[in-house]
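Numbering (the working numbering), first residue to last: 1 to 228. Backbone N, C-alpha and C fix where the C-beta goes; we use that ideal spot for every residue, glycine too. These figures come from a predicted structure and were not determined experimentally.
1) Comparing C-alpha positions only, which one of 165, 204, 40 and 216 sits nearest to residue 111?
2) Within a Cβ cutoff of 8 Å, which residues of the same chain sit near residue 44, ignoring the five residues on either side of it in sequence?
3) Spell out whether any CB of chain D is found under 8 Å from the CB atom of residue 183.
4) Using CA coordinates, which residue listed in 68, 141, 170 and 59 is at the minimum distance from residue 186?
5) So, for residue 224: in the same chain, excluding its five sequence neighbours on each side, which residues have a beta-carbon less than 6 Å away from its beta-carbon?
6) Could you tell me how far apart the beta carbons of residue 208 and residue 140 are, in whole angstroms, since I believe they sit closer than 8 Å?
7) At 3 residues or longer, what runs of the beta strand (DSSP E) sit wholly inside the segment 148 to 193?
8) Determine, using beta carbons only, whether residue 106 and residue 121 come nearer to each other than 8 Å.
9) Between residue 38 and the rest of its own chain, which residues show a CB-CB distance below 6 Å, the 5 nearest in sequence each way excluded?
10) Which residues mark the beginning and the end of the beta strand (DSSP E) in which residue 209 is found?
11) By the 10 Å Cβ neighbour count, where 16 or more other Cβ atoms means buried, how is residue 58 classified, buried or exposed?
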């Protein structure tokens, strides 16, 4: 893909992640690509749509990313280190300064709650095959993507069998942080998940809609992996 079109795609995705709304060419030209005319941006958005990276809802002239678009975005994403403030919040939740009064499992659950707060999504932890913890579902179900009852029902069914889902994922995760999207995501085609497996076999992840802040959330999961 040409560099300018790739930048355009990434601007569309970043704006959609922030707003959950379709993104128009005028906004992109005004906010992100001031040196490119709105008609040129519009033409290149039409090319991105023909190539399958974005699409447009029937009720809007703006565009939203497709699964293919998100995949390209993530593959070319320059993930930065987690902010020092967020590191401190997680360290405090984990009790790195004073771990004498909590079990290891309790400390990790505390971290999961903090990650759910920071990411504004759900956090899941598999301590073992039959010991799974999750928190932050209210964050998840507050997203506009979950206003569709079928999406909520499908997600609820997955949560009911979360131990089986996490066990199957544990067998395929490698040493790196894994991002599962759409058709590859056992949590649902409308969702994205970011997962890692620590050296002691614990699987930790963030679960959200496909429209999530991957830059921040990948950084979060990487940091969690480094401290577990």
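According to the structure shown:
1) Counted from its first residue, the chain shown places residue 111 at position 111. Taking only the C-alpha atoms, the option nearest residue 111 is 204.
2) Counting from 1 along the chain shown, the entry for residue 44 is found at position 44. For residue 44, where only same-chain residues beyond five positions count, the Cβ hits under 8 Å are 4, 5 and 8.
3) Given the protein chain composition of this structure (a single chain), no chain D is represented.
4) Within the chain shown, residue 186 is the residue found at index 186, counting from 1. Here the closest residue by C-alpha is 170.
5) Translated into the one-based positions of the chain shown, residue 224 becomes position 224. Correct list, in chain order: 204.
6) Sequence index remark: in the chain shown, residue 208 carries index 208 (1-based). Sequence index remark: in the chain shown, residue 140 carries index 140 (1-based). Yes, residue 208 and residue 140 are in contact; Cβ-Cβ is about 6 Å, under 8 Å.
7) 178 to 181
8) Locating residue 106 in the chain shown gives position 106, where the first residue counts as 1. Locating residue 121 in the chain shown gives position 121, where the first residue counts as 1. No, the pair does not count as a contact, with Cβ atoms beyond the cut-off.
9) The residue labelled residue 38 in the question sits at position 38 within the chain shown. Result list for residue 38: 25, 26 and 29, in chain order.
10) Here residue 209 refers to the residue found at position 209 of the chain shown. Here the beta strand (DSSP E) through residue 209 covers 203 to 209.
11) Counting from 1 along the chain shown, the entry for residue 58 is found at position 58. Per the 10 Å Cβ criterion, exposed.
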